[in-house]
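K.L.:
Plus 106 on top of the position in the sequence shown (first one is 1) and you've got our numbering. By construction, the Cβ of each residue, glycine as well, lies at the ideal position given by its N, Cα and C atoms.
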Amino acid sequence: MSSSSIAWIGSLQAFLLMLFGVVTGPLFDAGYFRALLTFGTIVLPFGLMMTSLSTEFWQLILAQGIVIGLSAGCLFVPSVAILPQYFKKRRGLANGLAASGSSIGGVVYPIMFDQLQHRVGFPWATRAIGFLCFGTCCISYSIMRMRFQPTEKRKLLQLSAFKEPAFVLFAIGMFLGFLGFYNFLFYIQSYAIDTGIVSSTLGFYLLSMLNAGSTVGRICPNFIADHTGPLNVLTPAATFTAILAFAWIGVHNGPGVIVLSVLYGLCSGGFVSLPPVVMVSLTKDIRDLGTRLGMIFGLTSVGLLIGTPIGGAILSDTGKYLGVQLFTACCLITSASIFAALRFSRSGPRLIARV
Numbered sequence: 107m108s109s110s111s112i113a114w115i116g117s118l119q120a121f122l123l124m125l126f127g128v129v130t131g132p133l134f135d136a137g138y139f140r141a142l143l144t145f146g147t148i149v150l151p152f153g154l155m156m157t158s159l160s161t162e163f164w165q166l167i168l169a170q171g172i173v174i175g176l177s178a179g180c181l182f183v184p185s186v187a188i189l190p191q192y193f194k195k196r197r198g199l200a201n202g203l204a205a206s207g208s209s210i211g212g213v214v215y216p217i218m219f220d221q222l223q224h225r226v227g228f229p230w231a232t233r234a235i236g237f238l239c240f241g242t243c244c245i246s247y248s249i250m251r252m253r254f255q256p257t258e259k260r261k262l263l264q265l266s267a268f269k270e271p272a273f274v275l276f277a278i279g280m281f282l283g284f285l286g287f288y289n290f291l292f293y294i295q296s297y298a299i300d301t302g303i304v305s306s307t308l309g310f311y312l313l314s315m316l317n318a319g320s321t322v323g324r325i326c327p328n329f330i331a332d333h334t335g336p337l338n339v340l341t342p343a344a345t346f347t348a349i350l351a352f353a354w355i356g357v358h359n360g361p362g363v364i365v366l367s368v369l370y371g372l373c374s375g376g377f378v379s380l381p382p383v384v385m386v387s388l389t390k391d392i393r394d395l396g397t398r399l400g401m402i403f404g405l406t407s408v409g410l411l412i413g414t415p416i417g418g419a420i421l422s423d424t425g426k427y428l429g430v431q432l433f434t435a436c437c438l439i440t441s442a443s444i445f446a447a448l449r450f451s452r453s454g455p456r457l458i459a460r461v
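Rendered as structure tokens:
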């Protein structure tokens, strides 16, 4: 099976996770937080259990791509949108700490799966992850509560947002950034193994190393953003991530690919976790945050859907990783440029300004 075909499973899951924010954002604003959390807590582990039974490509598309994608979408936007209800002065740090949880999962789950797969096989390794996922979701379900209940019905879309230049620039930057961003995560392992840089055993752990770096990279930039402004941190984070994507072209040894993976996780942590904080700064009425986040993530989802399959198609057609590397880097540097334009459109020509 081609790299492009395999990439559709993960890209479809990420696409639905983000796209469903168009629905879950307004539902959150309308007060259906518990209903969304209940659905996600039950259906997400169910999707993993169905994945453990899958033996055909179409079954993986249904279980891993659609079921897990939709259920994760029910959890994602509400879990992000609820944080500003509890934090005002330290919203960035709170968001970073929450976002670091997914990076910790990105460290634990691959290692857990690899160890269990060799001992009990793919089905039970996947089921074990499903049980752990259900347990952690139940902990969140028992703790999370909406602080403010809505007083009026919310619209599914806030089309007036597209009349705001800042919102439009941010949406375009997000789309282009995530069009390229996940190609590094999808293909760094196969690149390192196929080119003989590292063994298959070490190559498997590159993603865990990347996520370990991302754990720190999601907390520290958000902490800094509380003091300097989120756009002042998001722009350099996106820029450094793009530079590392270009550096990927010149990495041809084991230590280099390990350092690159850790640094990519460290720098991209801010790129991934800061957008909700930026969205808070672009939203006048906090009651509209869920809806506007859903709209942004809905647009971003298109980039997630087509980005890695495009990378896979380039790889399949050329047989080389250079095209994937250039595609990734060019998307990211364009995104960083748009974020820089947004930053200066809000601050004027001043280099030092809280934005």
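1) Within a Cβ cutoff of 7 Å, which residues of the same chain sit near F273, ignoring the five residues on either side of it in sequence?
2) Taking only the alpha-carbon atoms, compute the straight-line gap between G396 and L133 and give it to the nearest angstrom.
3) Unbroken alpha helix (DSSP H) runs of length 4 or more, entirely within the region 255 to 318: which are they?
4) Can you have a look at I439 and say buried or exposed, based on whether 16 or more other CB atoms are within 10 angstroms of its CB?
5) Output the boundary residues of the alpha helix (DSSP H) element that contains N338.
6) Taking N201 as the reference, give the member of V386, I172 and P361 with the closest Cα.
7) Going by CA-CA distance only, name the one from Y192, A298, Q165 and G116 that's closest to A178.
8) When you compare the CB positions of F310 and D220, do they come within less than 8 Å of one another, or not?
9) Check whether the Cβ atoms of A69 and F352 lie closer than 8 Å to each other.
10) For L221, report the span of its alpha helix (DSSP H) as first-last.
11) Between which two residues does the alpha helix (DSSP H) carrying M401 extend?
12) Which first and last residues belong to the alpha helix (DSSP H) in which F377 is found?
13) Compare the beta carbon distance of P381 and M280 with 8 Å and say whether it is the shorter of the two.
14) Please state if the CB of A120 and the CB of V213 are separated by a distance shorter than 8 Å.
15) Decide if I294 is buried, meaning its Cβ has at least 16 other Cβ atoms within 10 Å, or exposed.
16) Going by alpha carbons, who is nearest to F450 out of G171, L122 and L337?
17) Taking 8 Å as the threshold (C-beta atoms), are Y247 and L125 in contact?
P.N.:
On the basis of the data shown:
1) Taking F273 as the centre and dropping the five residues before and after it, the same chain places the C-beta of A267 and L388 closer than 7 Å to its C-beta, in chain order.
2) 8 Å
3) 271 to 300 and 306 to 310
4) Burial call: buried.
5) P336 to A353
6) V386
7) For A178, the nearest C-alpha among the options comes from G116.
8) yes
9) Summary: the structure shown does not reach residue 69, with the chain confined to residues 107 through 461, and so no result is reported for it.
10) The sequence as given places Gln at residue 221; Leu does not occur at that position. Where Q221 is concerned, the enclosing alpha helix (DSSP H) stretches over R197 to V226.
11) Start and end: L395 to T424.
12) Counting along the chain, the alpha helix (DSSP H) containing F377 begins and ends at G360 to S379.
13) yes
14) Taking the C-beta atoms as reference points, A120 is found no nearer than 8 Å to V213.
15) With 16 or more other Cβ atoms from the protein chains shown falling within 10 Å of its own Cβ, I294 counts as buried.
16) Closest by alpha carbon: L337.
17) no
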